[in-house]
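Participant:
Residue numbers (full-length UniProt numbering), protein chains in the order written: chain A, 1 to 410; chain B, 1 to 416.
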């Protein structure tokens, strides 16, 4: 496993973790732009733009892009979050030229009007699809409430209204402001030759516009006690709650990952034994999400409506206990074993390495090998967990719920 | 594709071990398929196998429920257990040097589960919650209900069970299901990863060699539905469409031809359904078709989710595309299928979990393992003429159509 990094003159960062024994290679363009970089009048544009990328450029039509990716048997797609738009694929090593050319095409699409009009229909369908997924609705609502007045509260998909109103011209402007080479990282994992990667990067990316967009990363200061109630006819009640947690650059982020496993993993965690194992809830989980400058504890509860109040009480009891007494050495060790194994197993495939490789670079400008990550994990102590809990106690400042209940006690 | 090191061994008690050695990886993964699936649920107690698959890990051998989870977590095992129609399946992956200790625990789970009575209600409640969550997810519900209506009972029935029958199930039913289903004959253990076959065979011999075989069991009779069109009214934002029609099953000489036919419809973003329904008309975000089977019976199951005002058009266009396949196939469409197959076969060698599941599944369906080279050769030999011949012999017709949404759609009568 050999790591390489460089930067093109226009600011595009290139990183690669190469392994000649891998069967495949994975390539991703990590663009540092997402819903938090949008203004209200273009809400949803980052995600819509991600769709438009597959419509091609002067050289390739939309049909060409999909056809050629399929001709090389690629697994490819893209995703948009609050902070990163990612275009990625995994391929057999012999197709690196075609794969690089196509992925590079995606970054600077032509954004033709007729493609824009057609894809707008698909985006509206996607909004409809997520509207039928109640946990997603709860997530969007809780993010909006928690980050009220902060850019992280912007919806990734946008609304039916904002997408309907959006123009191709607005999208072109957004693209020209945010798809600057200094906002981009090209990450490569698996079986490739570094010189070849460089040669292709020069060929396809040298002419891209230079520059970088600044992103304010003040830590969010959410108000406490906010509640949003959304009524929908469902069998179960879906609840999401957020509280402040360490940011992506915080040294406490790894302790936070471990604590989330101890308290709210989907198996063998405190919340699992208290709520899921006895059959009181279908899901009761605690997650840790990291962002630029901010972070969240995300509690998700899904159960029958009549058990919601008592289940929330049980969760609060768990949180109170952890905040007061911390966790045990045995719990810490077990969580480390669990995370170490997840890390190693995921890393056996180039596609599994790509997200941590690119994510670490975008957020922290650092390379961590699997061995580095394992060492960092191993060094976390109960003291670190205590420091974490002191600064970011478990709890909730905002709640969103979807289901038949008309109110949920805060 | 590289030579695969596949070995199999059948123990005197009927247990089958299938392994694939993968020296380039650090991990090992296993799939254990025990013949205690939902098709063996008593007809009025659908959900028995599902409750058993939950209760069975709540303590076994020397471990109580929490000790069992902790022991597996400490071994770094990423695990899952669940019920399918034919089996209760245990899967896991961990570092190869932890495999032996891991399988020792699984021998306890499979052979000496506590099946604690005081946790029965919790297990049953967990199954009920899972079934309720399907009710809340119309896309999942559409596929569950489509399968129910397009496969014969009990194979088409939801393996998680029926909500209204859970109350009638007792702990004694669970114990009876365990006794009838958990035996070495017909159990398959698939292991893939950085392993030595002789060591693994000895390990399994030690853990399962003295497991008593069953006295035999009657396979459930198949019942075929006659109705073809279904509508469930639900207040959803989208209308969720399911369409099914006949295909050949896994193991059939034409299986890979059928696979390619479905691949031309739905394999990749240049495939027909995605192009015609989504890209050209913007009718939906998701549209797909896949080949699904049980022993001896195969179906193509299609799904599309679309805004209700455009649902009729989506259904019409989808049905048209399914039928249009018989009019002609371009060689480039077949070449893309072949390319996808080649790359996914090669990449599957990077995943021990995928290989373990694949070899165990092969044994269940075929009683032998198809190597990746063999699959590759089968697919390379396909021609458009052969696929068209298959499509004409097994046309997209005699559809089962199911919709979930605010209002019903018109299904052309000449189609169903």
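Cβ atoms here follow ideal geometry from the backbone N, Cα and C, with glycine treated the same way.
Can you pull out the residues from the region 233-264 of chain A whose beta carbon lies closer than 7 Å to at least one beta carbon of chain B?
Facilitator: Going along the region 233-264 of chain A in chain order, one finds 233, 234, 235, 236 with a Cβ nearer than 7 Å to chain B.
Participant: Mind pulling the alpha helix (DSSP H) runs of 4 or more residues that sit fully within the region 110-143 of chain A?
Facilitator: For the region 110-143 of chain A, whole alpha helix (DSSP H) runs of length 4 or above, ordered along the chain, are 113-131.
Participant: Spell out whether any CB of chain A is found under 8 Å from the CB atom of residue 32/B.
Facilitator: Judged by the 8 Å Cβ criterion, residue 32/B is not in contact with chain A.
Participant: Report yes or no: is there a C-beta of chain B within less than 8 Å of the C-beta of residue 278/A?
Facilitator: At least one chain B Cβ lies under 8 Å of residue 278/A.
Participant: So, does the region 220-228 of chain B touch the region 383-401 of chain B, judging by three or more C-beta pairs under 8 Å?
Facilitator: The region 220-228 of chain B is in contact with the region 383-401 of chain B.
Participant: Please report the residue range of the alpha helix (DSSP H) in which residue 337/A lies.
Facilitator: Unbroken alpha helix (DSSP H) run through residue 337/A: 329-347.
Participant: Using DSSP with H/G/I as helix, E/B as strand and the rest coil, what is residue 151/B?
Facilitator: Three-state result, residue 151/B: coil.
Participant: Enumerate in chain order the residues of its own chain whose CB-to-CB distance from residue 128/A is below 6 Å, with the five nearest sequence positions on each side excluded.
Facilitator: If we look at residue 128/A and ignore the five residues flanking it on each side, it has no Cβ neighbours.
Participant: If distances are taken between C-alpha atoms only, which option among 339/A, 247/A, 367/A, 119/A comes closest to residue 78/B?
Facilitator: Taking only the C-alpha atoms, the option nearest residue 78/B is 339/A.
Participant: Would you mind stating whether residue 240/A and residue 308/A have Cβ atoms separated by less than 8 Å?
Facilitator: Not in contact: residue 240/A and residue 308/A (Cβ atoms no closer than 8 Å).
Participant: Starting from the C-beta of residue 336/A, find all residues in its chain whose C-beta is less than 6 Å away, skip the five residues before and the five after it, and write them out in chain order.
Facilitator: Once the five neighbours on either side are set aside, the close Cβ partners of residue 336/A are 377.
Participant: Classify residue 61/A as helix, strand or coil using the three-state DSSP reduction.
Facilitator: Coil at residue 61/A, not helix or strand.
Participant: Do you know offhand how far residue 254/A's Cα is from residue 196/B's?
Facilitator: Each residue's Cα considered, the two are about 36 Å apart.
Participant: Less than 8 Å between C-beta atoms, sequence neighbours within five positions excluded: which residues of the same chain meet that for residue 132/B?
Facilitator: For residue 132/B, where only same-chain residues beyond five positions count, the Cβ hits under 8 Å are 163.
Participant: Is there a C-beta anywhere in chain B that falls below 8 Å from the one on residue 71/A?
Facilitator: It does: the Cβ of residue 71/A has a partner Cβ on chain B nearer than 8 Å.
Participant: At least one CB of chain A closer than 8 Å to the CB of residue 284/B: is that the case?
Facilitator: It does: the Cβ of residue 284/B has a partner Cβ on chain A nearer than 8 Å.
Participant: I'd like to know if the region 358-365 of chain A and the region 243-258 of chain A are in contact, where contact means that at least 3 CB-CB pairs between them fall below 8 Å.
Facilitator: Flag = yes, the region 358-365 of chain A and the region 243-258 of chain A touch.
Participant: Which partner residues of residue 298/A appear in the DSSP bridge assignment?
Facilitator: Beta-bridge pairing links residue 298/A to 242/A, 287/A.
Participant: Under the assumption that residue 163/A contacts residue 48/A (Cβ atoms under 8 Å), give the Cβ distance between them as a whole number of angstroms.
Facilitator: At roughly 7 Å, the Cβ-Cβ gap stays under 8 Å, so residue 163/A and residue 48/A are in contact.
Participant: Tell whether a beta-carbon distance below 8 Å holds between residue 85/A and residue 34/A.
Facilitator: Yes. Within cutoff.
Participant: For residue 401/A, count the other beta carbons within 10 Å of its own beta carbon; 16 or more makes it buried, fewer makes it exposed. Which is it?
Facilitator: Buried, because 16 or more other Cβ atoms sit within 10 Å of the Cβ of residue 401/A.
Participant: According to DSSP, is residue 288/B helix, strand or coil?
Facilitator: In this structure, residue 288/B counts as strand in the three-state DSSP scheme.
Participant: Between residue 74/B and residue 258/B, what straight-line distance do the alpha-carbon atoms span, to the nearest angstrom?
Facilitator: When rounded, the distance between both Cα atoms is 44 Å.
Participant: Kindly indicate if chain B contains any beta-carbon less than 8 Å away from that of residue 67/A.
Facilitator: Judged by the 8 Å Cβ criterion, residue 67/A is in contact with chain B.
Participant: Thinking just about the alpha-carbon of each residue, which of 287/A, 135/A, 244/A is nearest to the one in residue 398/A?
Facilitator: Out of 287/A, 135/A, 244/A, 244/A has the C-alpha closest to the C-alpha of residue 398/A.
Participant: Using 8 Å as the threshold, is the C-beta distance between residue 13/B and residue 185/B below it?
Facilitator: Yes.
Participant: Using a 10 Å radius around the Cβ and a threshold of 16 neighbouring Cβ atoms, would you call residue 421/B buried or exposed?
Facilitator: Outside the displayed range of chain B (1 to 416) lies residue 421/B, so it cannot be described from this structure.
Participant: What does the alpha-carbon distance come out to for the pair residue 280/A and residue 386/A?
Facilitator: Taking the straight line joining both Cα atoms gives about 30 Å.
Participant: Pick from 140/A, 40/A, 76/A: whose alpha carbon is nearest that of residue 51/A?
Facilitator: When each option's Cα is compared against that of residue 51/A, the closest is 76/A.
Participant: Roughly how many angstroms lie between the CA atoms of residue 350/B and residue 57/B, to the nearest whole one?
Facilitator: If you take the alpha carbons of residue 350/B and residue 57/B, they lie about 29 Å apart.
Participant: Could you name the residues of chain B that residue 126/A contacts, counting a contact when the two beta carbons are closer than 8 Å?
Facilitator: 285, listed in chain order.
Participant: Okay, do the region 26-44 of chain B and the region 117-129 of chain B touch, 3+ Cβ pairs below 8 Å being the bar?
Facilitator: Touching, no.
Participant: Using only alpha-carbon positions, find the residue among 201/B, 47/B, 103/B, 92/B that is nearest to residue 84/B.
Facilitator: Per the Cα distances, 47/B.
Participant: Might you give, ordered along the chain, the residues of its own chain that have their beta carbon closer than 8 Å to the beta carbon of residue 380/A, omitting 5 neighbours on each side?
Facilitator: The residues are 254, 255, 258, 332, 336.
Participant: Tell me which same chain residues have a C-beta within less than 8 Å of the C-beta of residue 72/B, skipping the five on either side of it?
Facilitator: Closer than 8 Å at Cβ, skipping near neighbours: 79, 92, 102, 105.
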